[in-house]
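Asks: There's a structure below that I have some questions on.
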Amino acid sequence: NENDAKTRLYSVIDNFISTHVTMAQDEIVHYAKMKINDGDVILTYGRSHVVEKLLVEAHEDGIKFKVVVVCARTKEDESKELVKSLANHGLECVFVLLTSISYMMGKVTKVFMGAAALLSNGAVLSRSGTAAVAMVAHEMNKPVLFCAETYKFSERVQLDAITNNELGDPDDLILPTSWVLGKMERSSLSDWRDIPSMKLLNLVYDLTSIEHVTMIITEVGMIPATSVPVIVREQNEVEN
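Using my numbering, the letters of the sequence shown map in sequence onto residues 404 to 643.
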């Protein structure tokens, strides 16, 4: 009957969350902590729950390191909550804007970020701005490590962020007020809808190319981005 079907569905959902999310994140943290050493300066962008868990647990294990949290200043950006959470756990943090990463990256030893999806061509789909962080890190020879559960691995192939993306609210790009000559003023873009020739494009995700990905840390271990299609194939064989 309907109640039995709902019960079975809830059970399947709970089992998926337990196995592929909760337990998977514990394993990811276990592997990723091996990459954090005393004296490291870890940079992260946005707010990935598994990266947050990693940093907190590494700190609780007594590893001495600093964290640089990068903010994009959009309404969807949760980096302010992340840096507050890390600071409350006793971590030494630096909070910077995305525009400052070229300066801060010289002081960084490793970059840890989360991902929304891992594609079969090794590209990483993640919060808009991730590709810029990974590109700067790559140019400065800093390792870029993505922490992601294998349920995020996809058979899809994508070469850029335009062919398939999600549109956010354009008003999220507008700061309500800003400092101008020492006083708060209303944003000059507040009336953008009244200007026919103006459009605001708020892309939620961007694509980080395989060349800028040093390693992917999953619950099955630490793998190169080229191994994504192998994991996808194995998952399909298990399901079939």
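Just so you know, even glycine gets a beta-carbon here, dropped at the ideal spot from N, CA and C.
Just to confirm my understanding: we take residue 569, look at its own chain, exclude 5 residues before and 5 after, and list those with CB closer than 8 Å. What are they?
Replies: 606, 607, 608
Asks: Identify the continuous beta strand (DSSP E) that holds residue 621 and give its terminal residues.
Replies: 618 to 621
Asks: Expressed to the nearest angstrom, what Euclidean distance is found between the alpha-carbon atoms of residue 697 and residue 614?
Replies: The displayed coordinates of the chain run from 404 to 643. Any statement about residue 697 would go beyond what the structure contains.
Asks: Nearest-angstrom Cα distance between residue 429 and residue 622?
Replies: 8 Å
Asks: Compare the C-alpha of residue 437 against each of 461, 416, 454, 420 and name the closest.
Replies: 461
Asks: What residue range is occupied by the uninterrupted beta strand (DSSP E) comprising residue 554?
Replies: Careful: residue 554 lies outside any beta strand (DSSP E) and carries neither H nor E.
Asks: Please state whether the Cβ-Cβ distance between residue 521 and residue 514 is less than 8 Å.
Replies: no
Asks: Specify whether the stretch 585 to 604 and the stretch 552 to 560 touch according to this definition: at least 3 beta carbon pairs, one from each stretch, less than 8 Å apart.
Replies: no
Asks: From residue 617 to residue 548, what distance separates their C-alpha atoms?
Replies: 6 Å
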